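**Q**
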Amino acid sequence: MQVILLGLFGLALLFIYDIVSLHRVPGRGGLAFLGYALHTLAIFAAAWAGEKAAFPAAPLWPRVIGALLALLGGGWLVYCLFLFPSLARTYQDPAGPAFTRAGPYAFSRHPGFIGHLALLGGLLLASRSLLLLRAAGVWVPANLAYVVLQDRVLFPRLFREYGAYRAETPFILPTAASLQRFWATRWQ
Numbered sequence: 014m015q016v017i018l019l020g021l022f023g024l025a026l027l028f029i030y031d032i033v034s035l036h037r038v039p040g041r042g043g044l045a046f047l048g049y050a051l052h053t054l055a056i057f058a059a060a061w062a063g064e065k066a067a068f069p070a071a072p073l074w075p076r077v078i079g080a081l082l083a084l085l086g087g088g089w090l091v092y093c094l095f096l097f098p099s100l101a102r103t104y105q106d107p108a109g110p111a112f113t114r115a116g117p118y119a120f121s122r123h124p125g126f127i128g129h130l131a132l133l134g135g136l137l138l139a140s141r142s143l144l145l146l147r148a149a150g151v152w153v154p155a156n157l158a159y160v161v162l163q164d165r166v167l168f169p170r171l172f173r174e175y176g177a178y179r180a181e182t183p184f185i186l187p188t189a190a191s192l193q194r195f196w197a198t199r200w201q
């Protein structure tokens with residue numbers, strides 16, 4: 014239960030980061046990094062601790078596919094949140110978070126949500142952790158509620174261009190047009 018609460022606390026710190034970003038509070042980036050670190054720690058603690066699902070003579074391939082899916086999801090998250098050039102300094106910029114319509118943010122308005130799902134799903138397959146299964150049942154809805162709050166309440170106040178961006182870019186699942194925009198702007 015503590016691991017699940019730790020993951021929720023990490024998400025709560027990210028929400029607080031967004032709120033203090035509305036007011037351009039100096040040093041707020043530390044909240045984001047702490048939130049990401051705690052949530053990541055909780056994910057991996059849940060994956061490797063606790064009871065494992067017992068599958069008699071389970072083949073190796075689901076675990077290999079799970080590990081690959083976790084790597085892809087984790088890599089996508091790192092790219093979206095830290096490596097994408099337009100956002101690479103967003104957590105330290107005193108002017109406030111950066112806004113972009115390019116790269117993964119042309120793909121969808123909340124591309125990290127897909128990465129979070131892929132990371133959790135992949136680690137579930139790879140680790141067979143029952144604790145991670147229970148934790149994901151809490152963290153995924155909590156993360157979805159968080160991105161809905163970002164999308165409907167916080168980001169329209171934080172970024173004046175957000176209304177137009179919302180009209181042209183899908184919420185989570187990409188469209189053919191958004192995939193083309195992503196591919197054309199993936200490193201801008």
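Every number in our numbering is 13 more than the matching position in the sequence shown, counting from 1.
Cβ coordinates follow ideal geometry from the N, Cα and C atoms, glycine included.
Owing to the predicted nature of the structure, the values given are computational and were not obtained by experimental measurement.
Here's a check: name, in chain order, each residue in its chain whose Cβ is nearer than 6 Å to the Cβ of P183, leaving out the five neighbours to either side.
**A** In the sequence shown, residue 183 corresponds to position 170, counting from 1. Once the five neighbours on either side are set aside, the close Cβ partners of P183 are S121, S191.
**Q** What number of angstroms, rounded off, separates the C-alpha of P39 from the C-alpha of L171?
**A** Your numbering for residue 39 matches position 26 in the sequence shown. Your numbering for residue 171 matches position 158 in the sequence shown. For P39 and L171, the distance between alpha carbons rounds to 16 Å.
**Q** In angstroms, rounded to a whole number, what distance separates the CA positions of L54 and G20?
**A** Counted from its first residue, the sequence shown places residue 54 at position 41. Counted from its first residue, the sequence shown places residue 20 at position 7. So the alpha carbons of these two residues sit roughly 8 Å apart.
**Q** With a threshold of 6 Å on Cβ separation, who are the neighbours of A149 within its own chain once the five nearest residues in sequence on each side are excluded?
**A** Taking the first residue of the sequence shown as 1, we reach residue 149 at position 136. Excluding residues within five positions, the ones whose Cβ falls inside 6 Å are L133.
**Q** For Y30, collect the residues of the same chain with a Cβ closer than 7 Å to its Cβ; drop the 5 residues on either side in sequence, then sort them by chain order.
**A** Locating residue 30 in the sequence shown gives position 17, counting from the first residue. Cβ within range, chain order: R41, L44, A45, G48.
**Q** Our contact map puts L138 next to G79 with C-beta atoms below 8 Å; I'd like the distance itself, whole angstroms only.
**A** In the sequence shown, counting from the first residue as 1, residue 138 sits at position 125. In the sequence shown, counting from the first residue as 1, residue 79 sits at position 66. Right, their Cβ atoms sit about 3 Å apart.
**Q** In angstroms with no decimal places, state the Cα-to-Cα distance between Y104 and W74.
**A** Position 91 of the sequence shown, counted from the first residue, corresponds to residue 104. Position 61 of the sequence shown, counted from the first residue, corresponds to residue 74. Whole-angstrom Cα-Cα distance: 39 Å.
**Q** Across which residues does DSSP place S191 in a beta bridge pair?
**A** Here residue 191 refers to the residue found at position 178 when the sequence shown is read from its first residue. In the DSSP output, where bridge partners are listed per residue, S191 has none listed.
**Q** Counting contacts by CB-CB distance shorter than 7 Å, is L132 in contact with chain C?
**A** The chain labelled as chain C is not found in the depicted structure, where only one protein chain is given.
**Q** Taking DSSP's pairing of strands, which residues face S142 in a bridge?
**A** Along the sequence shown, one-based indexing puts residue 142 at 129. DSSP lists K65 as partners of S142.
**Q** Suppose you measure from the CA of A60 to the CA of V16; what does that come to, to the nearest Å?
**A** The count along the sequence shown starts at 1 and reaches residue 60 at position 47. The count along the sequence shown starts at 1 and reaches residue 16 at position 3. If I take the Cα positions, the gap works out to 10 Å.
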